[in-house]
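Take the sequence shown: its position 480, counting from 1, is numbered 475 in the numbering used here, and each next residue is one higher. All C-beta atoms, glycine included, are put in the ideal place defined by N, C-alpha and C.
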Amino acid sequence: MDSASAPDTHIRNAVKTVLSATTVTGDPTLNSTGTTSEAEPEGSGTGVRPARALARLSLLCVAGGVAAVAAGAGQWLFLLLGLAGFALAGAGIWWALAHRGVTRLLGALLAVAAPIGVLVLYAASGLWVVAVAALASWTVALACARSALRRLRKPRGMRSRSTRAPRRAVLIMNPRSGGGKVGEHGLVERAEKLGARVILLDLDADPDPVALARQAVAEGADLLGVAGGDGTQALVAQVAVEHGLPFMVVTAGTRNHFAMDLGLDREDPARSLDALTDGVELRVDLGEVGGLPFVNTASFGAYAEIVQSPEYRDAKASTALDQLPDLLAGAAGAPLTARADEEPLEEPQALLVSNNPYVRADPLGGGRRPRLDTGTLGVIGVKVGGAAQAAEVALLGERASGITSLTCRRVVIESDEERIPVAVDGEALTLPTPVVCTVRPGVLRVRVPKHRPGAPYVAPSVDWRRIVRLAFAKTPGPHKKNQTPGDKHQTPGDKHQTPIDKNQEHSDD
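Set out below in structure tokens:
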């Protein structure tokens, strides 16, 4: 092949890569059976050329979208009106959440009417074709940019190791968890058939999972497991850590957040039981908040205040809408200050501390953690002071000034109140101040099935400056071992830091 045709070949390959990347069945997974479908940074090897072609195609699509908008006189005005529509929608959402009565109603109407108005404006002016063309170009540009960054730095799952199967496994099961999944999937009978002893919680008697786990250890258990919510999992996991025993998760909870990031099958809880006979072991971190363990998150501020309400479990949405105006305005709830290592966070309205960082800043903790063994905490702080900042969040997302995202190893939360509400893995607690959050690296031995589906890989936010450098530089630039796609590596405490990858090894299960 001659040199003139080489760029065309790379562009064609780039297009094929984008098409395959947008297919659901082709999405890479993490922490699944064997290695992930992603590879390590390839420096100047074969991965850089298609990545550079994707970056160039991405910029070409951006230019195409701009050209479509600039094709007719006055169309830049309509583009600005479209952006204004998104900003108004964000402001409307703020008014709907932060106010009551007529203002809330008007905010909700604005949040719905603004984007609809933009669409109607485009249609009435005959520019809808241009708008669709520009939107399509920018969508493809974003897909190309993500694919380019994935090819440069592709994540690996956590390393696993083979261990002997347990002989005296004890599983604690909550019969009501997840709407009754324990009974629905016959987990008690299946577990006992595989040789495990099952302790079924009697919820009417207010059982203590920690006491039951310790009693099981005293009676010779060599593995502790839980079929239940993340809060119960954290408590029993702490007992397993104390005694150096492996821990097992059965996906019988409602959200199964911890299980999801471990790569377990959340649709069929019975598959989790395969770990009893054909399993491997992962070493993961365990978070602590005020001396209590957590496997997912500890939340402070608005969310923690809301879950304290007795009405929350039965009417989550209405309870949140009723309390949010006072919480966001500062009329209710304890004002907080926090320090993540040496980085201060002044009076966040909501603060989420996670056991290992999320790929993207999600204040509700609904994102993905590609690894649970980095030895760091993720911190996401939210401070939105009005409609203008809400509009900024609508336009910029996690890069808005009201969103702080960083990693650290220690967080201290202080308040003028002696005790503050904390939601620990979704459980409502109050803890004495100051509240200290830390992480215990690699202390939890988690036994998982050798054959498991894994968790979908969620790409980080696109850094367009890096895309430009990749497209035009001879090399993709310095890419340190601990750098994730889209952001340069930063020390703990820096804003918008992405997760730190330690022990970069292929999973060998």
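Please name the residue or residues paired with P444 in a DSSP beta bridge.
G274
M243, enclosing beta strand (DSSP E) - first and last residue:
F242 to V245
Would you tell me roughly how many angstroms separate the C-alpha atoms of L76 and L287, rounded to the nearest one?
50 Å
Got a sec? Which residues, its chain only, sit under 8 Å from R163 by beta carbon, not counting five neighbours each side?
Non-local C-beta neighbours of R163 in its own chain, meaning closer than 8 Å and more than five positions away in sequence, comprise R192, G215, A216, D217 and L218, ordered along the chain.
For D256, does the three-state DSSP call read helix, strand or coil?
Residue state, collapsed to three classes: helix.
In whole angstroms, what is the alpha-carbon distance linking L55 and A126?
Looking at the backbone, the Cα of L55 and that of A126 are separated by about 17 Å.
In the structure shown, what three-state DSSP assignment does E341 receive?
strand
Does the distance from the CB of L189 to the CB of V212 come in under 9 Å?
no
Within 10 angstroms of the Cβ of S157, are there 16 or more other Cβ atoms? Answer buried if so, exposed if not.
exposed
Nearest neighbour of G274, chosen from V236, V244 and R47 [CA to CA]
V244
With R334 as the anchor, note down where its beta strand (DSSP E) starts and where it stops.
In the DSSP annotation of this structure, the continuous segment of the beta strand (DSSP E) that includes R334 starts and ends at L331 to A335.
Around the C-beta of F253, are 16 or more other C-beta atoms found within 10 angstroms, so that it is buried, or is it exposed?
buried
Leaving out five residues before and five after C139 in sequence, what residues of the same chain have Cβ atoms less than 6 Å from its Cβ?
Correct list, in chain order: V13, L49, L52 and S53.
Grouping DSSP H, G and I as helix and E and B as strand, with all else coil, what is T98?
In this structure, DSSP gives T98 a helical state, which the three-state scheme calls helix.
Using a 10 Å radius around the Cβ and a threshold of 16 neighbouring Cβ atoms, would you call P416 buried or exposed?
buried
Look up E409 in the DSSP assignment and give the residues it is bridged to.
T332
Can you give me the start and stop residues for the alpha helix (DSSP H) that P204 sits inside?
P204 to A213
Could you pull the start and end residues of the alpha helix (DSSP H) that A468 belongs to?
Here A468 belongs to no alpha helix (DSSP H), and DSSP marks it neither H nor E.
What does R51 pair with, by DSSP beta-bridge criteria?
According to DSSP, R51 shares a beta bridge with no other residue.
Rounded separation between T249 and W459 - CA only
37 Å
Excluding the 5 residues preceding and the 5 following A335 in the sequence, name in chain order all residues of the same chain whose CB lies nearer than 7 Å to its CB.
V374, L401, C403, V406 and G488
So, do the region 264 to 278 and the region 435 to 448 have three or more beta carbon pairs nearer to each other than 8 Å?
yes
Please classify P427 as buried or exposed, where buried requires at least 16 other C-beta atoms within 10 Å of its C-beta.
exposed
Integer Cβ distance of M153 from L277, believed to fall under 8 Å
5 Å
To the nearest angstrom, how far is it from the Cα of A91 to the Cα of F467?
45 Å
Where do the ends of the beta strand (DSSP E) carrying T399 lie?
I398 to C403
Beta carbon of I167, beta carbon of V97: below 9 Å?
No.
Residues bridged to G220 (per DSSP):
L166 and M243
Quick one: give me the first and last residue of the beta strand (DSSP E) that A293 is part of.
T292 to G296
Which residue's Cα is closest to the Cα of D201: G173, D263 and N169?
N169
What's the gap between the Cα of L196 and the Cα of D263?
21 Å
In the DSSP assignment, the alpha helix (DSSP H) including L230 goes from what residue to what residue?
D225 to E237
Cα-Cα separation between E341 and R185, rounded to whole angstroms
51 Å
Let me confirm a value: E337 is counted as buried when at least 16 other C-beta atoms fall within 10 Å, else exposed. Which label applies?
Residue burial annotation: E337 is exposed, with fewer than 16 other C-beta atoms found within 10 angstroms of its C-beta.
In angstroms with no decimal places, state the Cα-to-Cα distance between T246 and T134.
35 Å
Mapping the DSSP letters down to three states, classify R156 as helix, strand or coil.
strand
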